[in-house]
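Enquirer:
Okay, structure coming up:
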């Protein structure tokens with residue numbers, strides 16, 4: 003390869019750095035505040051619906067310890083989380099649908115270790131949902147499955163999985 007091409011290749015990074023330095027050194031126009039913006043609210047048209055403020059319980063233990071707190075502190079924390087007009091005032095709660103999976107941050111047990119034998123006391127999620135509903139009967143509950151019990155056949159998106167999720171819904 004000719005020496006001039008080698009020299010250009012060796013100097014290319016320096017030229018790029020010099021160009022970047024020059025661009026950064028050139029001061030542009032100062033930033034300007036945005037012009038006032040107006041928003042028109044038309045109550046006759048449909049739009050996005052605000053569903054509320056929510057939280058996620060899951061990941062193998064971020065709510066688990068709460069079940070073991072002394073009753074007074076437990077009740078106070080649950081009130082702060084779910085009681086309407088008080089504390090966080092959560093309107094939604096997403097619960098982990100336990101699947102017995104091992105994970106680095108814990109595991110929520112399945113409510114159906116064996117096909118057809120449902121035990122909603124197997125973990126802490128149903129307990130937490132009951133506590134949330136006791137404080138806020140209007141709370142919206144959602145479920146999120148990360149895994150499925152070992153008896154499920156046909157993969158995660160199978161009839162067995164659908165039936166398992168339906169049994170979780172109760």
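Numbering (our numbering), first residue to last: 3 to 172. By construction, the Cβ of each residue, glycine as well, lies at the ideal position given by its N, Cα and C atoms. Since this is a predicted model, take the numbers as computed values, not measurements.
Which of the three DSSP states, helix, strand or coil, is assigned to residue 35?
Expert: Residue 35 falls in the coil class under three-state DSSP.
Enquirer: Closest to residue 96 by C-alpha separation, out of 148, 165, 156 and 161, would be which residue?
Expert: When each option's Cα is compared against that of residue 96, the closest is 148.
Enquirer: Measuring only the C-alpha atoms, how far is residue 77 from residue 159?
Expert: Between residue 77 and residue 159, the C-alpha separation is close to 38 Å.
Enquirer: Give me the residue from 70, 102 and 135 with the minimum Cα distance to residue 86.
Expert: Of 70, 102 and 135, the residue nearest in Cα terms is 135.
Enquirer: If you follow the alpha helix (DSSP H) that residue 82 is part of, which residue opens it and which one closes it?
Expert: Looking at the DSSP string, the run of the alpha helix (DSSP H) that includes residue 82 is 73-84.
Enquirer: Is DSSP giving residue 144 helix, strand or coil here?
Expert: Residue 144 falls in the strand class under three-state DSSP.
Enquirer: Closer than 8 Å by C-beta to residue 53: which residues in its own chain qualify, once you throw out the five before and the five after it? Chain order, please.
Expert: Closer than 8 Å at the Cβ level, and outside the excluded window around residue 53, lie 93, 94 and 142.
Enquirer: Who pairs with residue 97 in a beta bridge, going by DSSP?
Expert: According to DSSP, residue 97 bridges with 59 and 145.
Enquirer: On the DSSP bridge list, what partners appear for residue 116?
Expert: Answer is 119.
Enquirer: In the structure shown, what three-state DSSP assignment does residue 128 receive?
Expert: Of the three classes helix, strand and coil, the one that applies to residue 128 here is helix, per DSSP.
Enquirer: For residue 123 and residue 101, what's the separation of their Cα atoms in angstroms?
Expert: Their backbone Cα atoms lie some 14 Å apart in a straight line.
Enquirer: Mapping DSSP to helix, strand and coil, what is residue 47?
Expert: Reduced to three states, the DSSP call for residue 47 is coil.
Enquirer: With respect to the alpha helix (DSSP H) encompassing residue 102, which residues constitute its N-terminal and C-terminal limits?
Expert: Taken as a continuous stretch (DSSP letters only), residue 102 belongs to no alpha helix (DSSP H), as it is neither H nor E.
Enquirer: If you run the structure through DSSP and keep just helix, strand and coil, what is residue 40?
Expert: Reduced to three states, the DSSP call for residue 40 is coil.
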